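The structure under discussion appears below in the form of structure tokens.
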Amino acid sequence: MPQESASAQQLVPQEPNALRRYALKSAQPRRGLVDFDSELNDEQRAVALSPQGPTLVIAGAGSGKTRTLTYRVARLIEEGVAPDRILLLTFTNKAAREMMARVAALCRIDGRKLVGGTFHHVAHGLLRDHGSRLGYGDRFGLLDREDVKELMASATADLGLGVGQRRFPRADVLVDLYSTAVNTQRPIADVLARERPQFGALEEEILRVARRFAERKTQMNAMDFDDLLMNWKRLLVEVPQTCQALQGKFDAILVDEYQDTNLLQGEIVDRMAALHRNALVVGDDAQSIYSFRGAHFENILAFPERYPDCRQFKLTVNYRSTPQILALANHSIACNARQFPKQLSACREDGVLPALVPLRDVHQQAEFVAQRILELREEGIPLRETAVLYRAHHHAMELQMELARRGIPFYVRAGVRFFEQAHIKDVLAHLRFVQNPLDELSFKRVVKLAPGIGAASADALWSRLEIWAGQGRDPRMELSRAELDQLVPPKARPGLAKLRGALGRLSAPSMRSQPSEMVRFVLDEAGYREALKIRYSNFQAREDDVRQLADYALQAESLEQLLGDLSLLDSLEGEDVIEGSDPDERLVLSSVHQAKGLEWRAVFLVWLADGRFPSAPALKDEGGEEEERRLFYVAVTRARDELYLCYPLMHEEQDRARVLMKPSRFLDELPTRPHPPYEKWAIEVESAPPRLTE
DNA sequence: AGAGTGGGCCTTTTT
DNA sequence: GGCCCACTCT
């Protein structure tokens, strides 16, 4: 359902002209403009005004971390640090943009001068300039999740492994293995032995596949997400000249969400700051929820050991939640052994107790949530101030249907990302091949659009181009050669000819300088519109998506920049699937992971059944239970005024009988004396659900 | 060689 | 419900 509504997705061009205005008003930073006294509390001000040097800030949930960081940057600028010599590493690009805009507003500078974004985003920028030092061509491509998986599968096939062979790990398992090894900086064999012992006997083969995988990426002149980080580090370790340049590039480094950095990212920060040691890291160990991605929350615990002279601060006043919600959160997280001890205190007025709501089954759960949301709306909490959070996306299936039935508009922060949808990837494959003619995956994707061309023909075509490329010829220029026709069946030739011609025209320099025009050309003139019609029933929606992509591309400065931005685009813009029309009046559905850093007046947590949240597979990992509890803590602390903890008592499994569910251990373990930190509700749901009325 | 169909499998979180 | 593989038809 939500996945179908492709056309409703919005692509918001990167704002904002407001920044430009500030830049015109006053090009010079002015001192004393920022009011640190009235805008910050004592704890926050201490951080903002502290002397430069290694600094650790433990910032509890809702304690004004972003605000503090923003004022810290403002302070640095006041002290004379040039904005373009400040590096701001955040968890999402959106967080960086917001913070930069706020700094810009505070200091009346051009916010774009600050260097900020995710580790991956910043790495991409640096590697554009210095990647050639590591042997990459100047226009290396970026591989997304799907590309990487495909490449891993094909590396496996190259070595003749996996086909019918005794249980060889699937491509996504191999990718996982490889990625964990990079992000935790351990040898693959080590990760294999610890985390996938069942494949231990295949170690040698798996290592060969990993080597082949790396080779293929090099051949393609492409990097994946992990390579971006790895190569950033390599620049710092293996290329002394570049290392010097990078270390001298910034005078101050600030890292947000430091608890979710992994070993590799931690090392990058240390090395980037090796000369001036002016690194300020902010995080909350209690909110570390990305260990599956290699996040290493010892980074934050051990920071004082790596920087014995560092200053340490804590932000312990919670501005977000009522004392009742905070009490429940504090009780829960107290069950974790490994953490920085800290006491979060509430500063808001008393509110209502969180509600603990056992429901008969998932259907009643969905009905309850939908109905209660409507009641809250009557009571003055608008839909946009309400969120439903869950451990795994499929936990919201029944709810999505129920909301649709009642006409309650919602959007899901997740699902298929806009840029990972097939039709968007098809169009971008044209552009990617033009940008990086060694991009085998993109070339094959494009030619397979021609009717009559499948994997075998695409392979044949590419092998020929690859031979020419090996002789130093540019594959883009050789596309018109007649002999390519001999490699495909006759009936495929007209379609292929059209695509070859299109790729040739797209490669012209005049085209390449206009990425938006390239998108339009692919759709209207290269025949992609027709391909869409044949392949999809909702081709109109998909065509609209492509036109939106063209609009988005208008603001790109170059093809490189556009493709880089698109691959690394994180949360929000363009990624949301929208149901319903009024963008200001929609309920949010989100995984807890994606809800990080956000807040709502009312939060519903669903599927709080043991085995779902905490999730059974996660519990198998070492430290899994504590990580799940931190996840629960993150979820609970998203709520400002009202919190509903829901779980179904009964569940019908796929094929079999009903199963009795246990409430989450995170609920059971909460103290009941003198009073439980919640109020238990008993629910009866009306048989005729009310619809949303305006 | 490609495209379409049916059966067996697993199902977490994401830059 | 979705993904992968094997099988069959064109």
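Those letters in the first sequence? Residues 0 to 693, by numbering that gives the first Met the number 0. Every residue gets a Cβ at the ideal spot worked out from N, C-alpha and C, and that includes glycine. Predicted model, so just to flag it, every value in this text is computed and none were measured.
Subject >> THR385 (DSSP reduced to helix, strand or coil) >> reply: Taking the first residue of the first sequence as position 1, residue 385 is located at position 386. It is a strand residue.
Original post:
Are ALA369 and ARG337 touching if we call contact CB-CB under 8 Å?
Top reply: In the first sequence, counting from the first residue as 1, residue 369 sits at position 370. In the first sequence, counting from the first residue as 1, residue 337 sits at position 338. No. Outside cutoff.
Subject >> As assigned by DSSP and simplified to three states, the class of PHE603 >> reply: By one-based count along the first sequence, residue 603 stands at place 604. DSSP places PHE603 in strand when its eight states are reduced to three.
**OP:** Report the option in ILE380, ARG210, GLU204 and TYR135 whose CA atom is closest to the CA atom of PHE167.
**Re:** Counting from 1 along the first sequence, the entry for residue 167 is found at position 168. When only C-alpha atoms are compared, the closest one is GLU204.
Original post:
If you check the beta carbons only, do PHE665 and ARG611 fall under 8 Å apart?
Top reply: Here residue 665 refers to the residue found at position 666 of the first sequence. Here residue 611 refers to the residue found at position 612 of the first sequence. No, these two residues do not count as a Cβ contact at 8 Å.
Subject >> First through last residue of the alpha helix (DSSP H) which encompasses GLY623 >> reply: Translated into positions along the first sequence, residue 623 becomes position 624. Taken as a continuous stretch (DSSP letters only), the alpha helix (DSSP H) holding GLY623 covers 623-635.
Original post:
Touch check for the region 426-441 and the region 594-611: three-plus C-beta pairs under 8 Å?
Top reply: no
Original post:
What residue range is occupied by the uninterrupted alpha helix (DSSP H) comprising SER590?
Top reply: The residue given as residue 590 occupies position 591 in the first sequence. It is not in any alpha helix (DSSP H) - SER590 instead sits in the beta strand (DSSP E) that spans 586-590.
Original post:
Can LEU95 and GLY116 be called in contact, C-beta distance under 8 Å?
Top reply: Here residue 95 refers to the residue found at position 96 of the first sequence. Here residue 116 refers to the residue found at position 117 of the first sequence. Checking the displayed sequence, the identity of residue 95 turns out to be Ala instead of Leu. Yes.
**OP:** Can you tell me which of ARG475, SER566 and LEU375 puts its alpha carbon nearest to the alpha carbon of ALA507?
**Re:** By 1-based counting over the first sequence, the position of residue 507 is 508. Among ARG475, SER566 and LEU375, the Cα nearest to that of ALA507 belongs to ARG475.
**OP:** Indicate whether CYS309 and THR54 have their beta-carbon atoms separated by less than 8 Å.
**Re:** Locating residue 309 in the first sequence gives position 310, where the first residue counts as 1. Locating residue 54 in the first sequence gives position 55, where the first residue counts as 1. Against a cut-off of 8 Å, the Cβ pair of THR54 and CYS309 comes out as a contact.
Subject >> At least three beta-carbon pairs within less than 8 Å, the region 90-105 to the region 313-325 >> reply: no
Subject >> Between the CA atoms of LEU235 and LEU568 - distance to the nearest angstrom >> reply: Here residue 568 refers to the residue found at position 569 when the first sequence is read from its first residue. Here residue 235 refers to the residue found at position 236 when the first sequence is read from its first residue. Going by C-alpha positions, LEU568 is about 25 Å away from LEU235.
Original post:
Rounded to a whole number of angstroms, what is the C-alpha to C-alpha distance between GLU621 and SER290?
Top reply: For the purposes of this step, residue 621 is taken as residue 622 along the first sequence, with counting starting at 1. For the purposes of this step, residue 290 is taken as residue 291 along the first sequence, with counting starting at 1. Cα to Cα, GLU621 sits roughly 10 Å from SER290.
Original post:
If you draw a straight line from the C-alpha of GLU149 to the C-alpha of ALA555, how long is it?
Top reply: Reading the first sequence from its first residue, position 150 is the one you call residue 149. Reading the first sequence from its first residue, position 556 is the one you call residue 555. Their Cα atoms are separated by approximately 28 Å.
**OP:** Below 8 Å CB to CB, which residues in the same chain sit around SER287 once its five sequence neighbours on both sides are set aside?
**Re:** Position 288 of the first sequence holds residue 287. Excluding positions up to five away in sequence, the list reads GLN258, ASP259, ALA294, PHE296, ILE299, GLU626 and ARG629.
Original post:
In this structure, what does DSSP give as the bridge partners for PRO647?
Top reply: In the first sequence, counting from the first residue as 1, residue 647 sits at position 648. According to DSSP, PRO647 bridges with LEU358.
Subject >> Sequence-distant residues of its chain with Cβ nearer than 6 Å to ASN781 (five each side left out) >> reply: A query on residue 781 cannot be resolved here, the shown segment of the chain reaching from 0 to 693 and no further.
Original post:
Which ranges does the beta strand (DSSP E) cover as unbroken runs of at least 3 residues, wholly within the region 217-288, from first to last along the chain?
Top reply: Whole beta strand (DSSP E) segments, 3+ residues: 251-254 and 278-282.
**OP:** Return the chain-ordered list of same chain residues with a C-beta closer than 7 Å to the C-beta of ASP484, the five sequence neighbours on each side being excluded.
**Re:** Within the first sequence, numbered from 1, the residue matching residue 484 stands at position 485. Excluding sequence neighbours, ASP484 sits near ARG492.
Original post:
Can we say the region 547-565 touches the region 513-532, given the rule of at least three CB pairs closer than 8 Å?
Top reply: Result yes; three or more Cβ-Cβ pairs closer than 8 Å.
Original post:
How about GLU584 and PRO381: are their beta carbons less than 8 Å apart?
Top reply: Translated into positions along the first sequence, residue 584 becomes position 585. Translated into positions along the first sequence, residue 381 becomes position 382. The answer is yes: Cβ separation under 8 Å.
Original post:
Which residues in the same chain as GLU624 place their Cβ atom closer than 7 Å to its Cβ, once the five residues preceding and following it in sequence are excluded?
Top reply: Here residue 624 is taken as the residue at index 625 of the first sequence, counted from 1. Here the set comprises PRO613 and LEU618.
Original post:
Excluding five sequence neighbours on each side, which residues of the same chain lie with their C-beta closer than 8 Å to the C-beta of LEU125?
Top reply: Translated into positions along the first sequence, residue 125 becomes position 126. So the list reads TRP231, LEU234 and LEU245, once near-sequence residues are dropped.
Subject >> Opening and closing residue of the alpha helix (DSSP H) in which ARG66 lies >> reply: Counting from 1 along the first sequence, the entry for residue 66 is found at position 67. Unbroken alpha helix (DSSP H) run through ARG66: 64-77.
Subject >> Cβ neighbour criterion (16 or more within 10 Å) applied to HIS674 >> reply: For the purposes of this step, residue 674 is identified with residue 675 of the first sequence, where counting begins at 1. In the assembly as shown, HIS674 is an exposed residue. Its beta-carbon has fewer than 16 other beta-carbons within 10 Å.
Subject >> Cβ-based neighbour list, VAL147, same chain, cut-off 7 Å, excluding 5 preceding and 5 following >> reply: Taking the first sequence and counting its residues from 1, the one referred to as residue 147 is at position 148. Within the same chain, VAL147 has close Cβ partners VAL174 and ASP223.
Original post:
Just checking my contact of VAL254 with ALA278 at CB under 8 Å: how many whole Å lie between their CB atoms?
Top reply: Position 255 of the first sequence, counted from the first residue, corresponds to residue 254. Position 279 of the first sequence, counted from the first residue, corresponds to residue 278. Indeed, because the Cβ distance is near 7 Å, the residues count as touching under 8 Å.
Original post:
Taking the alpha carbon of LEU388 as the point to measure from, which residue in LEU68, ILE252, ASP544 and ALA594 has its own alpha carbon closest?
Top reply: For the purposes of this step, residue 388 is taken as residue 389 along the first sequence, with counting starting at 1. Checked all of LEU68, ILE252, ASP544 and ALA594; the closest Cα to LEU388 is ALA594.
Original post:
By the 10 Å Cβ neighbour count, where 16 or more other Cβ atoms means buried, how is GLU366 classified, buried or exposed?
Top reply: Walking along the first sequence from the start, residue 366 turns up at place 367. Burial call: buried.
Subject >> DSSP state of TYR527 mapped onto helix, strand, coil >> reply: Looking up residue 527 in the first sequence gives position 528. Looking at TYR527 - three-state DSSP - the assignment turns out to be helix.
Original post:
Among GLY140, THR179, HIS275 and ALA301, which has the Cα closest to the Cα of ASN435?
Top reply: For this step, residue 435 is matched to residue 436 along the first sequence. Nearest C-alpha to ASN435: GLY140.
Subject >> Beta-ladder partner(s) of ILE85, from DSSP >> reply: Reading the first sequence from its first residue, position 86 is the one you call residue 85. In the DSSP output, where bridge partners are listed per residue, ILE85 has ALA251.
Original post:
Would DSSP call SER614 helix, strand or coil?
Top reply: By 1-based counting over the first sequence, the position of residue 614 is 615. Note: SER614 maps to strand in three-state DSSP.
Original post:
Is LEU604 near TYR632, with beta carbons less than 8 Å apart?
Top reply: Within the first sequence, the letter at position 605 stands for residue 604. Within the first sequence, the letter at position 633 stands for residue 632. Cβ atoms of LEU604 and TYR632: not closer than 8 Å.
Subject >> Test item: CB-CB of TRP461 and LYS447 under 8 Å >> reply: Counted from its first residue, the first sequence places residue 461 at position 462. Counted from its first residue, the first sequence places residue 447 at position 448. Their beta carbons are not under 8 Å apart, which means TRP461 does not touch LYS447 by this criterion.
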